[in-house]
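Protein chains in written order, with this note's numbering: chain F, 594 to 1618; chain L, 42 to 476. Comments concern the structure below.
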Amino acid sequence: MKRILAFLAILFMLHDQICAQQTFPVNGVADERSGYYAFTNATVVKDAQTTLQQAVVIIKKGKIIAAGTNIAVPEDAVVIDCKGRYIVPSFIDIYSDYGIPAPQRSAAPFNYSAPAQLTSNTKGAYGWNQAIKADVNGAAVFAADAIKAKSLRDIGFGTVLTHQKDGIARGTGAVVSLADIKENLTIIKEKASAHYSFNKGTSTQSYPGSLMGAIALLRQTYLDAQWYKSNPASEGVNLSLKAWNDLQSLPQIFEANDKWQDIRADRIGDEFGIQYIIKGGGNEYQRIQEIAKTKAVYILPVNYPEAMDIEDPDDAKRISLNDLKHWELAVTNPAAFERAGISFCLTPADLKDTKSFLTNVRKAIEAGLSETKALEALTKTPATLLGIYDKVGSIETGKIASFLIASGPVFDEKTTIYQNWVQGERYDVNNENWNDINAVYSLAVQSQDNTIKTFTLAVKNSKSAAVIDRDTLATKFSFNGKMVNISFPPEKKSKSTIQLTGTVSGNTWMGNGTNANGMPLLWNATFVKAAESKPDTAKKNTTSLLAKITYPFGSYGWDGLPSAHHILIKNATVWTSDDAGKLDNTDVLLKDGKIAQVGKNLSDASAIIIDGTGKHLTAGIIDEHSHIATASINEGAQSVTSEVRIGDNINPDDINIYRQLSGGVTTSHILHGSANTIGGQTQLIKLRWGADDEGLKFKGADPFIKFALGENVKRTTSAANNRFPDTRMGVEQVLTDAFQRAKDYENAIAKASAVKSPGKKGAASVSPWNTVRRDLELDALVEIMNKKRFITCHSYVQTEITYTMRVAEKFGFRVNTFTHILEGYKVADKLKAHGSNVSTFSDWWAYKTEVADAIAYNAAIMQKMGLNVCINSDDAEMARRLNQEAAKTVKYGGISEEDALKMVTINPAKALHINDKTGSIKAGKDADVVLWSDNPLSIYAKAEKTIVDGIIYFDSEKDLLMRSNIAAERNRIIQKMIGEKKSGTPTAPFKPSLQIVLGCGEHQHDGDSNHDDETAGQLEENATN
Amino acid sequence: MKKVSHSILLLLFFAITATAQDDIYPAPAYKGLLFITNGTVHTGTGQVLDNTTIQVNNGKIEKIGTNIPLPADHVKVFDAKGKHVYPGLILSDCDLGLREIANGVRGSNDYRELGELNPNIRSIVSYNTDSKIINTLKANGILLANITPQGSFISGSSSVVQLDAWNWEDAAYKTDNGIHVTFPSFLPQRGPRFSTGQQPPVDIEKQSLQKIDALKSFFSEAKSYLQENEHAQTNLKFAAVKGLFDKTQKLFIHADQVKQMLAAVDFVKEFGFAVVIVGGNESWQIAPLLKQHNIAVILGPEHALPATEDDDVDQPYKTPAALQKAGVLFALNDNTANTRFRNLSFNAGTAAAYGLTKEEALSAITLNAARILGIDDKTGSIEVGKDANIIVSEGDILDMKSSIVTYAFIQGRMVSLANKQTQLYERYMGKYGLK
């Protein structure tokens, strides 16, 4: 290592002499050089589209001064004959942190049980959040790094965009060359880009603790920066916002690293009129149509997953089909972009070993990427994005002299890159192969007694050759461009060796050595004939079967997205959950996603007939309290986080969507967790398995928000809580304070809006946002007070239930729903008077202190008191059996079966204000129905068909078919993976696939500390996968 | 100071709630005859007897039949016509009476001792008969429970209690019936997410096998120790596992993964122990192998998500059917923290919906459980000579909409079905004037 450094230091010195700067004093004698070279007879790939044969490139002082076919070679230039060689523009890496000091990670993993860090640790006049590092200037923290530069040059790069990969806003990136000269000269563009991500990096501040928090922080910062332009006195100097504003005109690059994250990033951009360039994660091919809709240019890594060592079948079964398929298909990602017409760059970022870059690009080419597109993705596309195509990215007069000299087409497997010229400086890559030594030589070894023994020496390349006497002898060979070492045994089975060392000059090889007895000898070798080139029989069979892209990509996905058919269910027992009650032997016709008709003896020629004889049809189950299908659940870093939105991070790939369809669920209310008093905005979804996140959302529904009370928001499980509040008394004040602030905010907006533009009469009001800071947190609270957003409030004990109602009344609204509400039976009369809906567990209790008084009769008492009662899950497993949970109210409290079923159908629909659309079987409503094998309240009932919007999303018969398909497909890929190992491909150790099930944060398995951690983990997973 | 005031508040809290149940008493012993007449009797052995009467004498089942004459005077007769009669349900593995609040304050927890090798720890001595959970279980037909100490390796001995008692000595039904061991995981964990750089890979499989080897050494030494006539130095830990060698105790191995269960087989082969797997999430994958070694299984929660996203969506639901088919002796259990054990019969109901017959599912929470816990000589079925541990339900006890227990008898004593929840129900129905 030391030697390498020393060697590099010498190189550096040499180059430094060539490109000395004028302001720098010289220690010694001036040594100005012009770097005047002519590369002749070359195949010049000017750009991806244009290749010139027999061309000349002339460079001087680091610039290309001529390139073409009919160019006279100047006499005063050093001529380099490139006959048979290719000159290709050096690559540009648009996603590098070359020369940027690695941000120091905090030593310990973030610990949610530890006290919260509520403010930024950054000292100085910066903004409130430590993850907003807009002030970081990439060029200022950049320092050339000879070792890294070499590793990038060796894989073809000459120019990189480098920035500090730390934080949610990361400041500016600089374009620099990879020449080993003073940074003053390598910086090609000082501020070339601005960078963002969802990952707060080294920030130790608690907020944001979730993906949706990161999104909210970005949105709020855009607003704050806009507001800051008016120099608000109350803010003083805020260097973070100032820097943020300064870098808005640059290309904006967002590191998203995953198909859904890409889309989430793009949406933030859409909201603020910014088109991000998106750094993808390699799985975009799974949703390429959605990716195309972002209209973004992408930066794609080529870090495909390695084959895992899964010869142990017990290990193999723990790798998900999703991961198995991705292992097989990851190489197709760039080709998918090309086919979809999406512009992209390629980057070696994310590779464990940058040396594998060209190999991996080649794999992408084998999987369908065109070489033209590949070259463009490494030259013109990034150069154009960064506004430096006038300087780099092609071989044209006036551009920087950065190019590769290679033995053939740059992506060809057999091609060797000899040299990488950067800013007119030569850097050797595999220069030892510049002179082709692949030939047969006659090797003469002369002993001290002048006897000469002759061998045949067949050289393959710089690392491999064979010495042949009568037999082929086991030969060790190495050649570094000048020096050669050869060792071989005198006879085939001999254990001693003859060792030779020497030099190569053209076709003449010579040197000295020792014989098998250690006696000195001399040797020479002479060219006999060129190596026979074998016909290329190694064309790989690339037509092998590949995994299908399904929707979602993992198990139980659709081959193509489904569409609605007309369906007629005949002769079922229909539980309408409506005034019509329970109807025997009844038909239900579903058309165009709606319930068209309910009655006897219906017919429709266009409909698929389903025989419902002996079966029961109910409205689809609605889960008022769910945490499935989302990438993060809790933004618990502050007590009020009404700015965060579950809808920002819906995860359509969650297998629990399918599992719940198998239990008859059609609509789920996805809630923020219960880590804080005023949690995030909720998202109502329909379980349209296979749709993307927007496709899952329940359109036209009123917006809701999650509140929480009691032990979780007091962070009872944290031994050292320092986040206010720590008591139920404090929770009441958090509520009061939040709404008081919202009231004042609303008044301030009204006052500012009342100011008319000066001058004309009747002029429009000026925007209030010139004087009032737009606050996403308070916006949501104002909506609540104006009855445009509705609360579902996690609650347990009667004290907190009562005071929350009183706070709401004080501010003129009502709490729409109390969820969990296990002591609701104690204050059922008060709840009735206030006008809340209630949504509870059937029989949970004693899982923590505040539910010691929970009773299984709670739902029954509240129902008998006239409240609208729902039974909810808050649990991905139990949601599959909500019909059974409803049935428990028959057992505990004697509720009628029909009323019990309503607690999971029409009652939650009412609580969610969607009872005009779903929740009962009635003509005109959405065709959200379930066909059960038995009385739906019976434990023996199974959902046979679950229909959402007239589409059968779960079909028990099709499910059986899919199971066998999954098993077959798993087996095919596992065999292939094991085959890779057998064929010698290095494999990674086995690691089971992750299965993340998020919970609300109130019981043992998902105590808020646990799943907050999952949330953070999810972010990190996304960042690294 | 803050901490102190917390605990004072908590003490007050418990003091107040504790009063809620002080008027529910264990039933006094009942001498003489008692009849449960004309019910549909599910014996727990797979039989269903229509219109059948059970005669109980001094706490034991004396006769079962259709034409049992009722003496005219001074007998207790419970009419079960149109109702279903079952053996009392048995909870095979739980921390009832050791932990009142699942996620509660440390001061109220007595279910997990410190240390790795605690065979001498006995759950029975800490079993709190005044737990408010207990009476909610009787109301759902659960009359016996196996109380298990938890821990990271050998956690101690379990004991079976009957759920209508004044104190733990009174409750003991079979003490120290087994020694419990929790096996370490064989699965590699995902690395820490915020780690810096590469960490050397840990061979978790090897680590776990070493730990299990240490357990074997412990038993080998215990065996030698137990063969000594006299001990210069007494070793309570060795003494505590004596029953494993003479088979008066079973070795309960808590394990879910296939590899853990394969490792468990060694304890049958090398030591001749009677081994029971507790958990057995993946037991369906090796059911015939378990059968071959006479290893019984107490399954973990039925109502659980499949272990992997590719698994059949109903995998845990149909696991019992796979064990039944292979002839494995198994019990179903409910140790769910959120509902505190009371859905035992519905775990069986789900198993019946996914491949078991209803009577097989019933056996899994009655007779099979009794056999695994070593109490089948006394209970687990409605058979002559056994304790009269009997429940009467309005309908099918496996199906929640009809699972309404009206009578419960432990050793012939009719026990109260009232509990904190029914009392609060009555209290607030009264407050609101509801019926």
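From the three backbone atoms N, C-alpha and C, an ideal C-beta is built for every residue, glycine too.
Asked, Found
"Start and end residues, alpha helix (DSSP H) containing phenylalanine 224 (chain L)", "Note, phenylalanine 224 (chain L): premise wrong, no alpha helix (DSSP H); not H, not E."
"Inter-residue Cα distance where the pair is threonine 1211 (chain F) and asparagine 1430 (chain F)", "22 Å"
"Close beta carbons around isoleucine 958 (chain F), own chain, < 7 Å, minus the five adjacent residues each side", "Glu964, Ala967, Phe1004"
"Cα-Cα separation, leucine 51 (chain L) to lysine 1425 (chain F)", "For leucine 51 (chain L), the predicted structure reports a pLDDT of 41, less than 50, and the residue's modelled location is therefore unreliable. The matter cannot be settled from this model."
"Minimum Cβ-Cβ distance from serine 457 (chain L) to chain F less than 8 Å", "no"
"Contact set between methionine 1458 (chain F) and chain L, taken where Cβ atoms lie within less than 7 Å", "Tyr473"
"Rounded straight-line distance, which links the Cα of isoleucine 1215 (chain F) to that of glutamine 1326 (chain F)", "33 Å"
"First through last residue of the beta strand (DSSP E) which encompasses asparagine 1117 (chain F)", "1113 to 1123"
"Element boundaries [beta strand (DSSP E), containing tryptophan 1525 (chain F)]", "1522 to 1525"
"Backbone secondary structure at asparagine 1461 (chain F) - three-state DSSP", "coil"
"Assigned exposure category for tryptophan 207 (chain L) - 16 Cβ within 10 Å defines buried", "exposed"
"Whole beta strand (DSSP E) elements within the segment 1249 to 1310 of chain F, 3-residue minimum", "1258 to 1263, 1271 to 1274, 1276 to 1279, 1297 to 1301"
"Cα-Cα separation, phenylalanine 1072 (chain F) to leucine 944 (chain F)", "29 Å"
"Beta-carbon neighbours of alanine 1480 (chain F), restricted to chain L and to distances below 7 Å", "Met441, Lys442"
"Distance, proline 1245 (chain F) Cα to aspartate 1286 (chain F) Cα", "6 Å"
"Beta carbon of proline 342 (chain L) nearer than 8 Å to that of alanine 405 (chain L)", "no"
"DSSP state of tyrosine 466 (chain L) mapped onto helix, strand, coil", "helix"
"Through-space distance from isoleucine 245 (chain L) to leucine 564 (chain F), alpha-carbon basis", "A query on residue 564 (chain F) cannot be resolved here, the shown segment of chain F reaching from 594 to 1618 and no further."
"Contact under 8 Å by Cβ, threonine 1270 (chain F) with glycine 1213 (chain F)", "no"
"Proline 1501 (chain F) - containing alpha helix (DSSP H), residue span", "1499 to 1504"
"Every unbroken alpha helix (DSSP H) inside the segment 260 to 285 of chain L [4 residues or more]", "277 to 281"
"Cβ separation of isoleucine 109 (chain L) and threonine 94 (chain L), assumed to be a contact under 8 Å, to the nearest whole Å", "5 Å"
"Within chain F, the residues that isoleucine 445 (chain L) reaches when beta carbons sit closer than 7 Å", "Lys1484"
"For tyrosine 821 (chain F), the three-state DSSP class (helix, strand or coil)", "helix"
"Any C-beta of chain F under 8 Å from that of leucine 346 (chain L)", "yes"
"Proximity test, Cβ basis, 8 Å: methionine 302 (chain L) and chain F", "no"
"Whole-angstrom distance between glutamine 1274 (chain F) and asparagine 850 (chain F), CA atom to CA atom", "25 Å"
"Where tryptophan 1014 (chain F) falls: helix, strand or coil (DSSP)", "strand"
"Touching by the beta-carbon criterion (3+ pairs, under 8 Å), the segment 436 to 452 of chain L and the segment 374 to 391 of chain L", "yes"
"Residue nearest to asparagine 953 (chain F) in terms of C-alpha spacing, selected from F:Glu828, F:Gly875, F:Ser987, F:Asp1519", "F:Gly875"
"Closer than 8 Å to chain L by CB, threonine 1107 (chain F)", "no"
"Short CB-CB distance (under 8 Å) between glycine 1147 (chain F) and chain L", "yes"
"Residues of the segment 941 to 952 of chain F whose Cβ lies closer than 7 Å to any Cβ of chain L, in chain order", "none"
"Meets three-Cβ-pair contact criterion under 8 Å: the segment 462 to 475 of chain L and the segment 418 to 437 of chain L", "no"
"Lysine 1122 (chain F) vs alanine 1032 (chain F) beta-carbon contact at 8 Å", "yes"
"Alpha carbon of phenylalanine 235 (chain L) to alpha carbon of isoleucine 1278 (chain F), nearest angstrom", "Since pLDDT at phenylalanine 235 (chain L) reaches only 39, below the 50 mark, its modelled position is unreliable, and no value is offered."
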